[in-house]
Each structure stands twice: as C-alpha cells, then as structure tokens.
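To start, the structure itself, in structure tokens.
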Amino acid sequence: MKKVRIHINEDLCKGCGICISLCPNKVFAKSEEISSKGVFLPVIIHGDKCIACRICEEHCPDLAIFIEAQDVEK
Amino acid sequence: MDQKHVHPLLVKYARIGAYKQPHCPGCGNGIVAQCMLRAIDELKLDMDKIVFASGIGCSSWIPSPLFNADVLHTTHGRSLAFATGVKLSNPELRVVVFTGDGDSAAIGGNHLIQAARKNIEILTVLVNNRIYGMTGGQVAPTTPHGVKTKTTPYGNLEYPFDLCKLVEAAGASYVARWTTFHTRQLVSSMKKGLLKKGFSFIEVISQCPVQYGTFVGIRDPAEMLHIFRKISVPFEKAKNMSREELEGKIVIGEFVDIERTGLAEAYQRLLEMMNL
Ligand SMILES: Cc1ncc(C[n+]2csc(CCOP(=O)(O)OP(=O)(O)O)c2C)c(N)n1
Ligand code: SF4
Ligand SMILES: [Mg+2]
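Sequences listed follow chains A and B, in order.
Under numbering that gives the first Met the number 0, the first sequence has 4 at position 5, and the numbering climbs by one with no breaks.
Under numbering that gives the first Met the number 0, the second sequence has 224 at position 225, and the numbering climbs by one with no breaks.
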C-alpha cells in the first residue's frame with residue numbers, strides 16, 4: 000500500500016493539460032474556473048486512484064506537479 | 000510564489016527566482032529540462048563541475064536561466080564551437096550542449112558534423128520540434144515532407160535530415176533518439192551520454208504546440224504526446240521494415256554506443272608526452 004500526496008504548484012502551472020490527459024487513472028480534471036494567473040488548473044478529482052506512477056510528474060514541462068509516496072502497512 | 004509545492008528537482012538544481020519556465024504552455028522543452036535534472040540527480044553529479052552551452056532558439060533556453068550552474072548562452076548555431084573550447088581548455092569539466100534543429104541542423108550544421116567527427120567529449124541534446132519555433136514557425140531542414148508551416152503553406156517540398164544517421168556517419172560515440180513521450184528512456188540515455196568519453200548525441204522529437212501545432216492543426220500538447228507514442232517504432236523493429244512502411248514513423252532507440260578515445264583526452268595525453 001502506498002500513501003500518496005499530489006503536489007500542484009499553482010504559480011508554475013500553465014494549464015497545458017498534459018497531466019490530465021496522460022494520467023492512466025483519470026485522477027485529474029480541468030478546472031472550470033480560470034485562476035488568478037489566467038490558467039485552467041488541473042484539479043484532483045480521484046486522488047484515491049493515484050498509483051504514484053509519476054507519469055504526470057515526468058511529463059510536466061513546468062515541473063509544477065510532483066508525487067510524494069510512502070509505503071505504509073495495510 | 001507558492002513555496003509549499005516546489006518540485007524537489009527545482010529546489011536542488013534550479014536558480015532561485017528562475018523556477019518559471021520561459022516556454023509556451025505544453026512546450027516539450029520543459030520536459031527535456033526535467034529529464035536532464037533527473038539524470039544529473041540520479042548520477043549524483045555536481046552541478047559546479049558541469050558547463051551547459053546553448054545557441055539561439057526556444058530550445059536554447061532550457062539551461063539558462065533555470066539551471067544553477069555555469070551556462071553559456073551563445074550565438075545562433077555556435078554552441079558546439081564554444082563547448083569545444085571549454086572542454087579542451089578545461090577537460091575536468093563535463094560539457095552539455097542544448098540546441099535546436101534550426102540551431103544545429105541549419106545554421107550550425109557543420110559544427111555538429113565536425114564535433115561528431117572530432118569525437119569531442121560533449122553531450123549534445125538536440126530538441127527537434129521540426130520547425131523554427133522562436134522566430135515564428137518557419138520551415139526547418141527537419142520539417143517532414145508535405146507538412147504545412149508558415150513558410151510552406153502548400154506543404155514542405157523538401158525532405159528532412161535523419162540527424163541520427165548524419166551524426167553516426169560523422170563518427171559519434173553515442174547516438175540515440177527518443178521523443179518527449181519517452182521520458183524514462185531519455186533519462187537513461189542522458190545518463191549514458193553524461194558519462195561517455197566521446198561525442199554523445201541525443202535527438203529528442205518534441206512538441207511545439209504553438210508554431211508547429213497551429214499549422215498542422217494540433218494545438219493540444221497532450222494529443223501530440225499521444226501521437227508520438229503511436230508513431231514511434233523501436234530501432235530493432237524498424238530494421239525489418241521497408242522505407243514505405245516507415246513513412247511518417249519516428250524510429251526510436253540507441254543507434255550507436257561505442258568506446259573510442261575522445262579528442263580532449265587525446266590532447267591531454269599529447270601535452271603530457273611533451274611535458275607541457
Ligand atoms: C545569425 C542569426 N541568424 C538568424 C537568427 C534568427 N533566429 C533566431 S532563433 C532561429 C531558429 C531557431 O530554431 P531552432 O534552433 O529549431 O529553435 P526552436 O526555437 O525551434 O527551439 C533563427 C533563425 C539569429 N538569431 N541569428
Ligand atoms: S514557440 Fe514552440 S518551441 Fe517555442 S516555446 Fe513556444 S511551444 Fe515551445
Ligand atoms: Mg526547432
């Protein structure tokens with residue numbers, strides 16, 4: 000079992016949507032509201048489905064998202 | 000600036016105040032930048048012992064100002080000439096060049112060929128977005144045949160370079176091609192290139208959703224990554240495919256990985272022999 004934390008940096012994200020599209024478990028959705036920086040940020044809609052594969056993190060052109068994962072006992 | 004969620008690679012290797020990438024939303028250059036920082040981190044290299052050099056173009060903004068190391072942002076097409084000077088005068092330093100397809104296949108094409116022939120110990124990462132991104136989307140010597148750009152509105156009449164074959168023929172010690180979709184393979188190639196004692200060349204096919212995307216009608220960077228995945232063919236498989244079958248495909252993999260004495264090492268040996 001893994002305890003996962005998804006970090007999104009709202010100042011660095013440019014809202015390109017790569018993380019939303021590449022996530023195999025559809026953890027993210029595009030925000031319906033525009034942020035103060037003029038960006039449609041990704042929002043976490045299924046955080047519990049994240050398996051910490053880090054595909055979003057590795058493909059983020061702005062290093063605006065990263066995953067913290069810890070192994071925990073079941 | 001949101002200090003709570005700063006990527007660990009930025010904390011470790013980026014210049015404070017330069018965390019925000021200069022590129023357009025969804026541009027592949029940032030993915031390549033992250034891969035390089037990851038490769039350096041996995042090898043536990045000291046940033047103070049690496050010199051980065053780049054030319055002119057969007058891709059040349061990968062190391063500067065982001066990387067907290069010595070960075071030479073040089074003139075258009077000439078980064079390899081500057082990098083050669085750095086390596087020969089101070090062979091202790093690791094030298095990495097970031098360049099674009101316009102930068103090193105057009106104006107700097109001969110520098111690329113000569114650096115590979117000399118087998119100078121430099122890792123060159125060429126970001127091939129198949130266009131001149133920075134100047135507004137003009138056709139490049141890497142634009143696929145038939146593709147529409149700002150300067151080829153009826154489709155490109157010319158054929159693109161196969162840069163990996165060119166650099167292999169010129170004599171490089173390590174040659175590989177990946178796309179911005181293949182981040183793990185790219186990191187592994189970068190690690191090999193960083194340790195290689197000869198000329199290393201990695202071509203990264205990358206998305207330019209703004210200048211390339213507008214003319215080909217794909218503005219979504221994620222869609223471009225999905226296309227890269229679909230049209231990529233591993234080198235081993237491509238060997239058994241005909242020219243027609245490979246039309247519109249991207250051949251990925253490691254093409255060359257050999258050991259041959261590099262120029263800087265040979266030059267050092269010569270100096271020692273002459274007691275200089
Ligand atoms: C000597 C010289 N000629 C032309 C230019 C204009 N110029 C700037 S960037 C560029 C092309 C860059 O293309 P590429 O290397 O593919 O970089 P990209 O922006 O696509 O990453 C050109 C022609 C220049 N800056 N200097
Ligand atoms: S113009 Fe293209 S290559 Fe240049 S920063 Fe924008 S998306 Fe990237
Ligand atoms: Mg280019």
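Cβ coordinates follow ideal geometry from the N, Cα and C atoms, glycine included.
Just so you know, these numbers come straight off a predicted model, no measurement behind them.
Cβ-heavy atom distance between residue i and ligand 5 below 7 Å?
| i | result |
| --- | --- |
| Asn24 (chain A) | As far as ligands go, the structure on display features ligand 1, ligand 2 and ligand 3 and does not contain ligand 5. |
Could you have a look at residue i and say whether DSSP puts it in helix, strand or coil?
| i | result |
| --- | --- |
| Thr148 (chain B) | strand |
| His225 (chain B) | helix |
| Thr179 (chain B) | coil |
| His110 (chain B) | helix |
| Leu79 (chain B) | helix |
| Glu56 (chain A) | helix |
| Ser287 (chain B) | Absent from the structure is residue 287 (chain B), since the part of chain B shown begins at 0 and ends at 275. |
| Leu122 (chain B) | strand |
| Ile230 (chain B) | helix |
| Gln305 (chain B) | Outside the shown range of chain B, which is 0 to 275, sits residue 305 (chain B), and nothing can be said about it. |
| Gly192 (chain B) | helix |
| Ser53 (chain B) | strand |
| Lys236 (chain B) | helix |
What residue range does the alpha helix (DSSP H) around residue i cover?
| i | result |
| --- | --- |
| Asp40 (chain B) | Asn28 to Leu42 |
| Lys343 (chain B) | Only positions 0 to 275 of chain B appear in the structure, and residue 343 (chain B) is not among them; the question remains open. |
| Gln267 (chain B) | Leu262 to Met272 |
| Ile19 (chain A) | Ile17 to Leu21 |
| Leu9 (chain B) | Pro7 to Tyr12 |
Quick one: which chain A residues come within Cβ less than 7 Å of residue i?
| i | result |
| --- | --- |
| Cys26 (chain B) | Pro60 |
| Gln20 (chain B) | Pro60 and Asp61 |
| Asp1 (chain B) | Asn8, Glu9 and Asp10 |
Should residue i be listed as close to ligand 3, given that the test is whether its C-beta is under 7 Å from any heavy atom?
| i | result |
| --- | --- |
| Tyr131 (chain B) | yes |
| Ala68 (chain B) | no |
| Gly56 (chain B) | yes |
| Ala139 (chain B) | yes |
Assuming residue i is part of the beta strand (DSSP E), what are its boundary residues?
| i | result |
| --- | --- |
| Pro41 (chain A) | Pro41 to Ile43 |
| Lys2 (chain A) | Lys1 to Ile7 |
| Lys19 (chain B) | It is not in any beta strand (DSSP E) - Lys19 (chain B) carries neither H nor E in the DSSP assignment. |
Cβ closer than 7 Å: which chain B residues qualify as neighbours of residue i?
| i | result |
| --- | --- |
| Val15 (chain A) | Residue identity differs from the one stated: residue 15 (chain A) is Cys in this sequence, not Val. Those within 7 Å of Cys15 (chain A) in chain B are Pro24, Gly25 and Pro220. |
Do you know whose CA, among the options, lies nearest residue i's CA?
| i | options | result |
| --- | --- | --- |
| Cys18 (chain A) | A:Val71, A:Asp70, A:Glu72 and A:Ile66 | A:Ile66 |
| Val50 (chain B) | B:Asp161, B:Met240, B:Arg129 and B:Leu122 | B:Leu122 |
| Gly99 (chain B) | B:Ala263, B:Leu162 and B:Lys147 | B:Leu162 |
| Leu21 (chain A) | B:Lys147, B:Thr182 and B:Cys34 | B:Thr182 |
| Asn89 (chain B) | B:Met273, B:Glu264, B:Thr142 and B:Leu269 | B:Glu264 |
| Ile39 (chain B) | B:Ala114, B:Met189, B:Met223 and B:Gly56 | B:Met189 |
| Ile257 (chain B) | B:Pro159, B:Lys86 and B:Tyr173 | B:Tyr173 |
| Glu253 (chain B) | B:Glu235, B:Met240 and B:Gly247 | B:Glu235 |
| Asp61 (chain A) | B:Gly25, B:Gly56 and B:Val85 | B:Gly25 |
| Gly14 (chain A) | A:Ala51, A:Lys29 and A:Glu56 | A:Lys29 |
| Glu56 (chain A) | A:Gly37, A:Ser35, A:His6 and A:Lys1 | A:His6 |
| Val166 (chain B) | B:Ser103, B:Ser205 and B:His144 | B:Ser103 |
| Leu95 (chain B) | B:Ala105, B:Ala80, B:Lys229 and B:His4 | The sequence shown places Val at residue 95 (chain B), not Leu. Closest option to Val95 (chain B), Cα to Cα, is B:Ala80. |
| Gln206 (chain B) | B:Gly197, B:Asn239 and B:Ile226 | B:Ile226 |
| Leu42 (chain B) | B:Ala139, B:Thr83, B:Val85 and B:Ser187 | B:Ser187 |
| Phe200 (chain B) | B:Ala168, B:Val85, B:Ala68 and B:Asn274 | B:Ala168 |
| Arg176 (chain B) | B:Ser231, B:Phe214 and B:Glu120 | B:Ser231 |
| Asp47 (chain B) | B:Gln113, B:Ser63 and B:Asp69 | B:Asp69 |
| Leu9 (chain B) | B:Leu65, B:His22 and B:Pro152 | B:Leu65 |
Between residue i and ligand 2, is the CB less than 7 Å from at least one heavy atom?
| i | result |
| --- | --- |
| Val250 (chain B) | no |
| Val209 (chain B) | yes |
| His58 (chain A) | no |
| His144 (chain B) | no |
| Asn28 (chain B) | yes |
Can we count residue i as close to ligand 1, meaning its CB is less than 7 Å from some heavy atom?
| i | result |
| --- | --- |
| Asp100 (chain B) | yes |
| Asn128 (chain B) | yes |
| Gly212 (chain B) | no |
| Ile106 (chain B) | yes |
| Thr150 (chain B) | no |
| Thr134 (chain B) | yes |
| His4 (chain B) | no |
Can you name the residues of chain A whose CB is closer than 8 Å to the CB of residue i?
| i | result |
| --- | --- |
| Leu9 (chain B) | Leu62 |
| Gln33 (chain B) | Glu57, Cys59, Pro60 and Leu62 |
Mind listing the chain B neighbours of residue i? Cutoff is C-beta to C-beta under 9 Å, in chain order.
| i | result |
| --- | --- |
| Glu78 (chain A) | Outside the displayed range of chain A (0 to 73) lies residue 78 (chain A), so it cannot be described from this structure. |
| Leu21 (chain A) | Phe180, Ala221, Leu224 and His225 |
Can you pull the chain A neighbours of residue i, defined as C-beta to C-beta under 9 Å?
| i | result |
| --- | --- |
| Thr142 (chain B) | By Cβ distance, chain A contributes nothing, its closest Cβ being about 22 Å from Thr142 (chain B), past 9 Å. |
| His4 (chain B) | His6, Ile7, Asn8, Glu9, Asp10, Leu11, Ala63, Ile64 and Phe65 |
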